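S.K.: To convert, count from 1 in the sequence shown and add 1150; that's this note's numbering.
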Amino acid sequence: MIAHLQRASNTVGLLSHLYGPGERGDHVSPRLIAGEGHGAPIELLAEPDSLPYLAHALDAPVERLGTRAPAQPTWVCSVRSDPRQPDLTDPQWAAVARRLVDATGIAPEGDPDACRWIAVRNRPRQVHVVATIAREDGSLHNAYRDAFRLQSECHLLAAELGHLPIAPQPTHRTQETRMPSPSITITAEPSGSVSAKGASDDLSATLLKHAGFQQIDDWYGRRHRLPTTTPADDRAAIATHAAEMLRAARYGVDLDPTLDTTTAFTAANPLGPYAAGAELLRLTEQIRSAETGADLKQALDHLLDPEHGALERIREALEAAGEQITDLDDEAFQLADRFGFAEDFVHSAMSELVDSEDELLGVGRAHQPSDQAQTRSRWLPQFRGAALAASPAAAKAQVSSSPDSRSTQPSAAGLPPRAPGPRL
1151 MIAHLQRASN
1161 TVGLLSHLYG
1171 PGERGDHVSP
1181 RLIAGEGHGA
1191 PIELLAEPDS
1201 LPYLAHALDA
1211 PVERLGTRAP
1221 AQPTWVCSVR
1231 SDPRQPDLTD
1241 PQWAAVARRL
1251 VDATGIAPEG
1261 DPDACRWIAV
1271 RNRPRQVHVV
1281 ATIAREDGSL
1291 HNAYRDAFRL
1301 QSECHLLAAE
1311 LGHLPIAPQP
1321 THRTQETRMP
1331 SPSITITAEP
1341 SGSVSAKGAS
1351 DDLSATLLKH
1361 AGFQQIDDWY
1371 GRRHRLPTTT
1381 PADDRAAIAT
1391 HAAEMLRAAR
1401 YGVDLDPTLD
1411 TTTAFTAANP
1421 LGPYAAGAEL
1431 LRLTEQIRSA
1441 ETGADLKQAL
1451 DHLLDPEHGA
1461 LERIREALEA
1471 AGEQITDLDD
1481 EAFQLADRFG
1491 FAEDFVHSAM
1501 SELVDSEDEL
1511 LGVGRAHQPS
1521 DQAQTRSRWL
1531 PQFRGAALAA
1541 SPAAAKAQVS
1551 SSPDSRSTQP
1561 SAAGLPPRAP
1571 GPRL
């Protein structure tokens, strides 16, 4: 069982997609199977012609936040089961959806101020859970570790359903096949020549001659040598190339350090062939040497830029790896999904750090004056009081003191529709 987590900015556009035919026309009988609207009639609104009203009912806690509302308040989790296993029924998928919103904290069991959510089925072996991250009490759900919690809960659900493959029993071999590892020593001689001594089989001889060594057969035995007229740079390059080929053929090679070109390469790049890792290492040093918030922002821009930053490139690479695995092997979908999980983690990290430029510029500056802090402290309780007045717990407390309070609550069915917009 695999879960894929996303965030969106337009709930009505998302619902129109889920209840529509789909990009490939593969949506079949879209229907609501579970949800919690905290008083909103989501069961009656879950129809194709009422989707703007359903989106408005889900977004009501977000709209109460006003300017504090996040840019992407809609939480979307798509869950699919193993195609090699029987499909689940609607009640079973509804139970799966409830387990997931409880495990992530979107809607913990028994929480009267939990987020509003619905579960929609429009394809076999799959369910979509849509929620808004604004809680009924005016706070926001912390989605930092949702991807990890979803993965853990899906693994637990798959185990309970018996969908996990049985690990193959190890095959005990009565005899291990071991490859010989003869040793070859490549040294620089005082005369300026380079000699290779040790193994004298035909394979090592072929590899040494291919690298550029000359073979000598005399009463001392078979050995290989470079002419003394070989330039110093060429001697080191040929010796290093020969050592690499011999090691690839599982020979033990003792290479003279003065002939090892990888040592000079390592001095310029401490991570050797891992150039991307070396660039990130230099970026880390630049971050550590920042003296002001502006310097820190300039360094972190190489990491956080939404189009060209290192995190975005890593996310794209993980996404491409998962797609390539699927293209190469249809049966390796579990491995591909693991790369998808990693992509989700990187995406979550990027979401946590979005719009942090202004805060970085303020790092190290003097704190705001006390009169501004007092002004802020005066208007913060107003927002929280308004949010608490709309929560179910506060509404229940007002029933006894306001007998006609029901007549003052707006009807979800009479709310104006919201124009659909692009999905993110």
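Yeah, the Cβ is synthetic: ideal placement off N, Cα and C, and Gly gets one too.
Every value quoted in this text rests on a predicted model; they were computed, and no experiment measured them.
Below 7 Å CB to CB, which residues in the same chain sit around Leu-1358 once its five sequence neighbours on both sides are set aside?
M.R.: To locate residue 1358, count along the sequence shown from 1; it is residue 208. Within the same chain, Leu-1358 has close Cβ partners Ala-1346, His-1374, Ala-1392.
S.K.: Between Pro-1456 and the rest of its own chain, which residues show a CB-CB distance below 7 Å, the 5 nearest in sequence each way excluded?
M.R.: In the sequence shown, counting from the first residue as 1, residue 1456 sits at position 306. Closer than 7 Å at the Cβ level, and outside the excluded window around Pro-1456, lie Glu-1462.
S.K.: If you run the structure through DSSP and keep just helix, strand and coil, what is Ala-1338?
M.R.: Within the sequence shown, the letter at position 188 stands for residue 1338. Of the three classes helix, strand and coil, the one that applies to Ala-1338 here is strand, per DSSP.
S.K.: Using the rule of at least 16 other Cβ atoms within 10 Å of the residue's Cβ for burial, across every protein chain shown, is Gln-1474 buried or exposed?
M.R.: Translated into positions along the sequence shown, residue 1474 becomes position 324. Exposed.
S.K.: Is Ile-1283 helix, strand or coil when you go by DSSP?
M.R.: If you number the sequence shown from 1, residue 1283 lands on position 133. Three-state result, Ile-1283: coil.
S.K.: Any idea what DSSP makes of Cys-1227, helix, strand or coil?
M.R.: Stepping through the sequence shown from its first residue, residue 1227 is reached at position 77. Of the three classes helix, strand and coil, the one that applies to Cys-1227 here is strand, per DSSP.
S.K.: Tell whether a beta-carbon distance below 8 Å holds between Thr-1282 and Asp-1199.
M.R.: Taking the first residue of the sequence shown as 1, we reach residue 1282 at position 132. Taking the first residue of the sequence shown as 1, we reach residue 1199 at position 49. Taking 8 Å as the Cβ cut-off, Thr-1282 and Asp-1199 do not qualify as a contacting pair.
S.K.: Identify every run of the alpha helix (DSSP H) within the segment 1431 to 1506, keeping only runs that are complete inside it and at least 4 residues long; order them along the chain.
M.R.: Whole alpha helix (DSSP H) segments, 4+ residues: 1443 to 1454, 1460 to 1478, 1483 to 1503.
S.K.: Taking buried to mean at least 16 other C-beta atoms within 10 Å of its own C-beta, is Thr-1416 buried or exposed?
M.R.: Start at 1 with the first residue of the sequence shown, and residue 1416 comes out as number 266. Annotation note: pLDDT 47 at Thr-1416 (below 50); position unreliable, no value reported.
S.K.: Here's the rule: buried if 16 or more other CB atoms are within 10 angstroms of the residue's CB, otherwise exposed. What is Pro-1202?
M.R.: Translated into the one-based positions of the sequence shown, residue 1202 becomes position 52. It is buried - the Cβ of Pro-1202 has at least 16 other Cβ atoms within 10 Å.
S.K.: Report all residues from its chain with a CB closer than 6 Å to the CB of Ser-1561; omit the five preceding and five following residues, and keep chain order.
M.R.: For this step, residue 1561 is matched to residue 411 along the sequence shown. With a pLDDT of 40 at Ser-1561, under the threshold of 50, the modelled position of this residue cannot be trusted; read the value that follows with caution. Here the set comprises nothing.
S.K.: Output the distance between the C-alpha atoms of Val-1496 and Ile-1464, rounded to the nearest integer angstrom.
M.R.: Numbered from its first residue, the sequence shown carries residue 1496 at position 346. Numbered from its first residue, the sequence shown carries residue 1464 at position 314. For Val-1496 and Ile-1464, the distance between alpha carbons rounds to 8 Å.
S.K.: Got a sec? Which residues, its chain only, sit under 8 Å from Met-1395 by beta carbon, not counting five neighbours each side?
M.R.: Within the sequence shown, the letter at position 245 stands for residue 1395. Here the set comprises Leu-1357, His-1360, Ala-1361.
S.K.: With a threshold of 16 other CB atoms inside 10 Å of the CB of Asn-1292, please say whether the residue is buried or exposed.
M.R.: As a position in the sequence shown, residue 1292 is number 142, starting the count at 1. Answer is exposed; the Cβ neighbour count stays below 16.
S.K.: What number of angstroms, rounded off, separates the C-alpha of His-1188 from the C-alpha of Val-1162?
M.R.: As a first step, residue 1188 must be located in the sequence shown, where it is residue number 38. As a first step, residue 1162 must be located in the sequence shown, where it is residue number 12. So the two alpha carbons sit approximately 19 Å from each other.
S.K.: Pair every Cβ in the segment 1264 to 1283 with every Cβ in the segment 1217 to 1233, then say whether three or more of these pairs are closer than 8 Å.
M.R.: With a cut-off of 8 Å, the segment 1217 to 1233 and the segment 1264 to 1283 count as touching, because enough Cβ pairs lie within range.
S.K.: Would you grab the beta carbon distance between Ser-1350 and Thr-1378 for me? Rounded to a whole angstrom, and I think it's under 8 Å.
M.R.: Taking the first residue of the sequence shown as position 1, residue 1350 is located at position 200. Taking the first residue of the sequence shown as position 1, residue 1378 is located at position 228. Wrong, their Cβ atoms sit about 23 Å apart, outside the cutoff.
S.K.: Give the straight-line distance between the Cα atoms of Glu-1173 and Asp-1252, rounded to the nearest whole angstrom.
M.R.: Counting from one through the sequence shown, the residue named residue 1173 turns up at place 23. Counting from one through the sequence shown, the residue named residue 1252 turns up at place 102. If you take the alpha carbons of Glu-1173 and Asp-1252, they lie about 30 Å apart.
S.K.: State yes or no: is the C-beta of Gln-1276 within less than 8 Å of the C-beta of Val-1229?
M.R.: As a working mapping, residue 1276 is identified with position 126 in the sequence shown. As a working mapping, residue 1229 is identified with position 79 in the sequence shown. A contact, by the Cβ cut-off of 8 Å.
S.K.: Can you tell which of Gly-1459, Arg-1273, Leu-1250 has the C-alpha that lies nearest to the C-alpha of Ser-1302?
M.R.: Position 152 of the sequence shown, counting from 1, holds the residue named residue 1302. Measuring from the Cα of Ser-1302, the nearest candidate turns out to be Leu-1250.
S.K.: Just to confirm, is the Cβ distance from Thr-1476 to Ala-1467 under 8 Å?
M.R.: Looking up residue 1476 in the sequence shown gives position 326. Looking up residue 1467 in the sequence shown gives position 317. Contact flag unset, no.
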